[in-house]
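>
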Amino acid sequence: MALFGKKNANYISGKETRKISRENRRITGEIEKKRNRKNIPEQEYITAMKNPDNVVEFDNVHTYFFTDIGTVKAVDGVSFEVPQGKTVGIVGESGCGKSVTSLSLMQLVQRPQGQTVEGEIRFNTGKTAYNIAATPTSVMQKLRGNEMSMIFQEPMTSLNPVFRIGEQVDEIIALHNPDLSKQDVKQRTIEMMKVVGIANSEGVYRMYPHELSGGMRQRICIAIGLACGPRLIIADEPTTALDVTIQAQILDLMSKLKDQINSSIMLITHDLGVIAEMADYVVVMYAGRVVEKGTAREIFKTPSHPYTIGLMRSKPVVGKQVEKLYSIPGKVPNPVNMPDYCYFKDRCEMSCDKCSGHYPGVVKLSETHEVSCYRYEERKEAGWLAAEHSGEAGKTVDNMGKTEKIVENNGKEGTSNE
Amino acid sequence: MKKFIVRRLLLGVVILFFVSIIIYSIERSLPTSYVEGKARAMSQKQGAKPYDELVADLNASYGLDKPVLPGYFSWLGKAIRGQFGESWVWHQPVTEKFGSVIWYSFALGLISFLLEIFIAIPLGIISATKQYSRTDYAITVVALVGISLPSFFFATILKWIFSIHLGWFDLYGIVSRMHEQMGSLGQLLDIGKHLVLPAATLTIVSIGSLMRYTRTSMLEVMNADYIRTARAKGLSEKKVIYHHAFRNSLIPIVTILGNSLPNLFAGAMITETLFQIPGIGYTGYQCLVQGDIPFTMFYMVFLAFLTLMGTFIADILYAVVDPRVRVN
Chain A
103 MALFGKKNAN
113 YISGKETRKI
123 SRENRRITGE
133 IEKKRNRKNI
143 PEQEYITAMK
153 NPDNVVEFDN
163 VHTYFFTDIG
173 TVKAVDGVSF
183 EVPQGKTVGI
193 VGESGCGKSV
203 TSLSLMQLVQ
213 RPQGQTVEGE
223 IRFNTGKTAY
233 NIAATPTSVM
243 QKLRGNEMSM
253 IFQEPMTSLN
263 PVFRIGEQVD
273 EIIALHNPDL
283 SKQDVKQRTI
293 EMMKVVGIAN
303 SEGVYRMYPH
313 ELSGGMRQRI
323 CIAIGLACGP
333 RLIIADEPTT
343 ALDVTIQAQI
353 LDLMSKLKDQ
363 INSSIMLITH
373 DLGVIAEMAD
383 YVVVMYAGRV
393 VEKGTAREIF
403 KTPSHPYTIG
413 LMRSKPVVGK
423 QVEKLYSIPG
433 KVPNPVNMPD
443 YCYFKDRCEM
453 SCDKCSGHYP
463 GVVKLSETHE
473 VSCYRYEERK
483 EAGWLAAEHS
493 GEAGKTVDNM
503 GKTEKIVENN
513 GKEGTSNE
Chain B
33 MKKFIVRRLL
43 LGVVILFFVS
53 IIIYSIERSL
63 PTSYVEGKAR
73 AMSQKQGAKP
83 YDELVADLNA
93 SYGLDKPVLP
103 GYFSWLGKAI
113 RGQFGESWVW
123 HQPVTEKFGS
133 VIWYSFALGL
143 ISFLLEIFIA
153 IPLGIISATK
163 QYSRTDYAIT
173 VVALVGISLP
183 SFFFATILKW
193 IFSIHLGWFD
203 LYGIVSRMHE
213 QMGSLGQLLD
223 IGKHLVLPAA
233 TLTIVSIGSL
243 MRYTRTSMLE
253 VMNADYIRTA
263 RAKGLSEKKV
273 IYHHAFRNSL
283 IPIVTILGNS
293 LPNLFAGAMI
303 TETLFQIPGI
313 GYTGYQCLVQ
323 GDIPFTMFYM
333 VFLAFLTLMG
343 TFIADILYAV
353 VDPRVRVN
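Order-wise, the sequence lines are chains A and B.
For what it's worth, our numbering labels the leading residue of the first sequence as 103, then goes sequentially.
For what it's worth, our numbering labels the leading residue of the second sequence as 33, then goes sequentially.
1) List in chain order: all unbroken beta strand (DSSP E) runs of 3+ residues lying wholly within the segment 151 to 227 of chain A.
2) I want to know whether the segment 335 to 348 of chain A touches the segment 164 to 178 of chain A - three or more CB-CB distances under 8 angstroms.
3) By how many angstroms is the C-alpha of residue 163 of chain A removed from the C-alpha of residue 230 of chain A?
4) What are the boundary residues of the beta strand (DSSP E) that residue 383 of chain A is part of?
5) Which term fits residue 200 of chain B, buried or exposed, when burial requires 16 or more other beta carbons within 10 angstroms of its beta carbon?
6) Run the CB neighbour count on residue 349 of chain B, radius 10 Å, all protein chains shown included, and call it buried at 16 or more, exposed below.
7) Determine, using beta carbons only, whether residue 279 of chain A comes closer than 8 angstroms to chain B.
8) If we cut at 8 angstroms on Cβ distances, does residue 161 of chain B have a partner in chain A?
9) Taking the continuous beta strand (DSSP E) assigned at residue 118 of chain B, which residues delimit it?
10) Count the other CB atoms within 10 Å of the CB of residue 143 of chain A; is the residue buried (16 or more) or exposed (fewer)?
11) For residue 454 of chain A, count neighbouring Cβ atoms within 10 angstroms of its own Cβ and tell me buried if that reaches 16, exposed if not.
12) Go to residue 134 of chain A, then tell me how far its alpha helix (DSSP H) extends in each direction, as first and last residue.
13) Can you give me, in chain order, the residues of the segment 243 to 271 of chain B that have a beta carbon less than 9 angstroms from any beta carbon in chain A?
14) Listing by chain order, which chain A residues have their CB less than 7 angstroms from the CB of residue 279 of chain B?
15) Distance cutoff 8 angstroms, beta carbons only. Does residue 351 of chain B sit that close to anything in chain A?
16) Excluding the 5 residues flanking residue 525 of chain A on each side, which residues of the same chain have their C-beta closer than 6 angstroms to its C-beta?
17) Residue 248 of chain A versus chain B: which residues are under 7 angstroms apart at the beta carbon?
18) Indicate whether at least one CB of chain A lies closer than 8 angstroms to the CB of residue 355 of chain B.
19) Between the segment 260 to 272 of chain B and the segment 259 to 277 of chain A, do three or more beta carbon pairs fall short of 8 angstroms?
20) Using a C-beta cutoff of 8 angstroms, does residue 307 of chain A count as contacting chain B?
21) Residue 291 of chain B: which of B:345, B:315, B:301 and B:246 sits nearest, CA to CA?
22) Find the nearest neighbour of residue 426 of chain A within the set A:403, A:433 and A:415, judged by alpha-carbon distance.
23) Got a sec: is the Cβ-Cβ distance from residue 276 of chain B to anything in chain A below 8 angstroms?
24) Under 8 angstroms between C-beta atoms, does residue 260 of chain A make it to chain B?
25) Using a cut-off of 8 angstroms between C-beta atoms, extract the partners of residue 134 of chain A located in chain B.
26) Suppose contacts are defined by Cβ-Cβ distances below 8 angstroms. Is residue 383 of chain A in contact with residue 188 of chain A by that definition?
27) Give every residue of the same chain whose Cβ lies closer than 7 angstroms to the Cβ of residue 321 of chain A, excluding the five residues on either side of it in the sequence, and list them in chain order.
28) Please decide whether residue 210 of chain A counts as near chain B, where near means a Cβ-Cβ distance under 8 angstroms.
29) Can you confirm whether residue 285 of chain B, when its beta carbon is compared against all beta carbons of chain A, has any partner nearer than 8 angstroms?
30) How many angstroms separate the CA atom of residue 76 of chain B from the CA atom of residue 185 of chain B?
31) Are the segment 458 to 474 of chain A and the segment 429 to 436 of chain A touching by the rule of at least three beta carbon pairs closer than 8 angstroms?
32) Against chain B, does residue 243 of chain A count as a neighbour if the rule is that its beta carbon must be under 8 angstroms from one of theirs?
33) DSSP three-state call for residue 466 of chain A: helix, strand or coil?
34) How long is the line joining the alpha carbons of residue 196 of chain A and residue 372 of chain A, rounded to whole angstroms?
35) Beta-carbon within less than 7 angstroms of residue 278 of chain A's beta-carbon, same chain only, minus the 5 sequence neighbours each way: which residues are those?
36) Residue 414 of chain A versus chain B: which residues are under 7 angstroms apart at the beta carbon?
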């Protein structure tokens with residue numbers, strides 16, 4: 103019995119799998135049935151924004167994947183807002199739920215396994231506010247590409263290889279502007295291509311995706327994304343697959359175009375440099391939860407969650423000599439069967455006794471700066487906040503002396519872009 | 033492209049040469065010999081020469097006294113000039129016999145080919161878009177049954193149900209007893225009616241693999257990034273599947289279909305024999321059993337030629353559907 107005594111967390115028997123998948127089918131079947139009803143009444147998905155200046159409000163969103171080895175809580179109670187005309191950066195390691203958060207907003211999560219089971223995603227079109235989690239697909243199809251659009255991570259594979267570039271841009275313009283004539287659509291396509299900086303737009307119009315370089319393809323993807331002047335652009339690691347010079351161009355282009363059509367950007371990346379460059383607000387995610395959020399200035403100057411601090415330290419800093427670049431020990435925990443204590447505890451270098459308790463609640467460090475960490479819970483007394491945030495790098499946490507310098511450096515970078 | 037075509041054609045000629053050598057040597061070494069059969073029959077007659085002498089005479093007159101290689105080259109020499117000789121069994125030129133039977137095979141092949149495409153591809157798409165649903169499992173089971181069970185089994189089952197029990201169709205043949213008295217439209221319908229069961233057999237047997245191919249290729253495409261892009265544009269699910277996904281999943285399917293296109297002329301030996309449809313498959317089978325070397329040689333080399341054509345057409349079609357291949 104000793105051989106089988108200890109249960110391996112990574113092993114489950116066939117019997118268990120079958121039980122889980124039967125249970126999953128029941129749950130997802132129910133949700134799908136509810137979603138696929140005909141004529142869903144409007145009041146079920148029309149809602150009101152908490153703050154009409156926001157384009158998107160994520161309110162306690164849970165997106166789960168029902169897999170055969172258990173439920174993966176990819177997004178587990180995420181709340182943040184994207185204000186009109188601002189850029190919100192979402193950072194975190196791979197597998198932290200950044201992409202799934204944005205896919206939930208587009209309702210592009212792989213169904214039926216992936217479902218947004220709880221919470222509201224309120225999307226503001228200016229006239230009406232939709233609760234995306236409950237919006238039927240037919241209505242979503244009018245929002246996607248038109249009011250919100252997405253630029254994907256992989257420009258090399260996100261264009262259909264068998265259709266011409268022009269056709270693919272035309273498609274989205276014609277779809278959301280049915281009154282335009284074919285000629286006008288083409289006109290607009292070529293105009294969009296010029297906007298994103300494609301010189302030979304007439305020629306590229308007739309090319310196939312494989313004839314373009316990665317940067318050109320990403321420009322086309324951006325042209326597709328911006329073709330209908332959306333209120334929100336979701337950029338899912340738009341520069342990860344590109345080389346550094348092209349990265350800068352693409353980022354420049356995006357922030358320029360964003361201002362032109364006055365839309366907001368949700369920028370997903372794990373490149374802190376990109377965030378510093380682009381973002382007004384930063385949301386730091388870890389294992390499907392928001393661990394810290396605030397303005398870019400706050401996050402870069404006074405990173406408070408140990409994970410954010412670790413992220414900042416693991417970024418190379420210009421002019422600073424180190425033997426070996428820091429990296430946070432360990433890896434993101436297995437998303438099935440998460441424990442009920444701070445998910446970062448096992449990797450945290452600053453964990454204390456209290457960290458073994460329940461998952462920490464949200465602590466407000468300032469109007470805009472929130473963090474989920476026990477280290478700040480006791481400091482709720484009035485006054486300390488002001489003291490902490492008044493000075494430039496005035497962190498007084500004892501064991502943070504080491505990070506002081508980096509924080510300062512980041513602070514400078516942050517300010518220069520504000 | 034021109035260079036590519038020329039190279040493929042030259043390669044094809046070389047392959048055909050070696051394939052025909054192999055076929056000829058095998059035919060010469062077959063245990064059934066037309067000459068021996070004929071000599072045996074002749075030696076039974078009264079006043080006939082002894083068997084051995086007859087065999088030697090016949091061998092000489094049919095050109096079988098030469099060894100295999102010289103025999104092959106004398107066949108090749110004529111074949112290049114388009115002379116495939118006279119069929120020993122049918123006593124008429126090989127090409128003439130071929131021309132008179134091929135159209136039955138072609139009709140049968142075309143009907144089942146079209147049915148296969150129009151049934152298997154939609155089923156594959158449905159099965160892929162509703163992956164792991166009850167519909168998917170049902171379609172998959174039917175397809176696997178089709179793949180696993182041989183055509184002679186299905187033919188027998190169909191005959192048993194529709195000919196013996198229900199009496200809707202004849203058991204054998206391509207025409208019914210009253211064929212000669214019918215009008216031209218009636219004759220056509222009569223032939224059509226006799227092709228129902230063989231076509232059904234061929235279709236059931238071939239649907240499975242094409243459906244599985246479609247499903248696999250569709251599933252692969254449905255998970256591609258550009259499908260997500262298409263959805264993110266706000267396209268309807270129908271447009272995403274039938275425009276964006278299907279066009280891409282066509283690439284492997286077209287290769288398979290292009291490959292099987294020349295097989296329309298190849299005949300279905302087993303099914304034709306079971307239903308005694310006088311197509312090229314059944315005729316070829318009869319000649320093969322009786323050792324009719326000229327006809328079998330022609331049929332076999334023709335099959336080899338069709339196979340080469342199949343891969344050639346598939347390569348060309350590949351360039352047609354996939355713009356990435358077109359450049360080089």
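Ideal Cβ positions, reconstructed from N, Cα and C, are used throughout, including at glycine.
The relevant details are as follows:
1) 156 to 169, 172 to 185, 189 to 193 and 216 to 226
2) no
3) Numbered from its first residue, the first sequence carries residue 230 of chain A at position 128. Numbered from its first residue, the first sequence carries residue 163 of chain A at position 61. For residue 230 of chain A and residue 163 of chain A, the distance between alpha carbons rounds to 20 angstroms.
4) On the first sequence, position 281 is the one that residue 383 of chain A refers to. 383 to 388 is the extent of the beta strand (DSSP E) around residue 383 of chain A.
5) To locate residue 200 of chain B, count along the second sequence from 1; it is residue 168. Label assigned to residue 200 of chain B: exposed.
6) As a position in the second sequence, residue 349 of chain B is number 317, starting the count at 1. When all chains shown are included, residue 349 of chain B counts as buried.
7) Counting from one through the first sequence, the residue named residue 279 of chain A turns up at place 177. Output row for residue 279 of chain A: interface = no.
8) Locating residue 161 of chain B in the second sequence gives position 129, where the first residue counts as 1. Not one chain A Cβ lies under 8 angstroms of residue 161 of chain B.
9) Mapped onto the second sequence, residue 118 of chain B falls at position 86. No beta strand (DSSP E) contains residue 118 of chain B, which DSSP labels as neither H nor E.
10) The residue given as residue 143 of chain A occupies position 41 in the first sequence. The residue in question, residue 143 of chain A, is exposed, as its Cβ has fewer than 16 Cβ neighbours within 10 Å.
11) Taking the first sequence and counting its residues from 1, the one referred to as residue 454 of chain A is at position 352. So residue 454 of chain A ends up on the exposed side.
12) Stepping through the first sequence from its first residue, residue 134 of chain A is reached at position 32. 116 to 137 is the span of the alpha helix (DSSP H), which, as asked, contains residue 134 of chain A.
13) 255, 256, 257, 258, 259, 260, 261, 262, 263, 264, 265, 266, 267, 268, 269 and 271
14) Stepping through the second sequence from its first residue, residue 279 of chain B is reached at position 247. The contacting residues are 264.
15) What you label residue 351 of chain B is simply residue 319 of the second sequence in a count that begins at 1. No, no contact with chain A.
16) Since the first and last residues shown for chain A are 103 and 520, residue 525 of chain A lies out of range.
17) The count along the first sequence starts at 1 and reaches residue 248 of chain A at position 146. By Cβ distance, chain B contributes 266.
18) The count along the second sequence starts at 1 and reaches residue 355 of chain B at position 323. Cβ-Cβ to chain A under 8 angstroms: yes for residue 355 of chain B.
19) yes
20) Against the first sequence, residue 307 of chain A aligns to sequence position 205. Residue 307 of chain A does not count as touching chain B.
21) Translated into the one-based positions of the second sequence, residue 291 of chain B becomes position 259. Nearest of B:345, B:315, B:301 and B:246 to residue 291 of chain B, Cα basis: B:345.
22) As a first step, residue 426 of chain A is located in the first sequence; it is residue number 324 there, counting from the start. The shortest Cα separation from residue 426 of chain A among A:403, A:433 and A:415 belongs to A:415.
23) Translated into the one-based positions of the second sequence, residue 276 of chain B becomes position 244. So yes, residue 276 of chain B belongs to the interface.
24) Along the first sequence, read from residue 1 onward, the residue named residue 260 of chain A stands at position 158. By this cut-off, residue 260 of chain A is an interface position.
25) The residue you call residue 134 of chain A lines up with position 32 of the first sequence. Here the premise fails: no neighbours, minimum Cβ distance about 10 angstroms.
26) As a working mapping, residue 383 of chain A is identified with position 281 in the first sequence. As a working mapping, residue 188 of chain A is identified with position 86 in the first sequence. Yes, the pair counts as a contact, with Cβ atoms nearer than the cut-off.
27) Looking up residue 321 of chain A in the first sequence gives position 219. The answer, listed in chain order, is 298, 299 and 300.
28) By one-based count along the first sequence, residue 210 of chain A stands at place 108. Yes, contact with chain B.
29) Walking along the second sequence from the start, residue 285 of chain B turns up at place 253. So, not an interface residue.
30) Residue 76 of chain B sits at position 44 when you count from the first residue of the second sequence. Residue 185 of chain B sits at position 153 when you count from the first residue of the second sequence. Each residue's alpha carbon lies about 40 angstroms from the other.
31) no
32) As a first step, residue 243 of chain A is located in the first sequence; it is residue number 141 there, counting from the start. Taking Cβ atoms only, chain B reaches closer than 8 angstroms to residue 243 of chain A, which makes this a yes.
33) Position 364 of the first sequence, counting from 1, holds the residue named residue 466 of chain A. If DSSP states are grouped into helix, strand and coil, residue 466 of chain A belongs with the strands.
34) As a working mapping, residue 196 of chain A is identified with position 94 in the first sequence. As a working mapping, residue 372 of chain A is identified with position 270 in the first sequence. Between residue 196 of chain A and residue 372 of chain A, the C-alpha separation is close to 8 angstroms.
35) If you number the first sequence from 1, residue 278 of chain A lands on position 176. Same-chain partners within the cutoff: 247, 248 and 330.
36) Here residue 414 of chain A refers to the residue found at position 312 when the first sequence is read from its first residue. Those do not exist, as residue 414 of chain A stays about 31 angstroms from chain B at its closest Cβ, beyond 7 angstroms.
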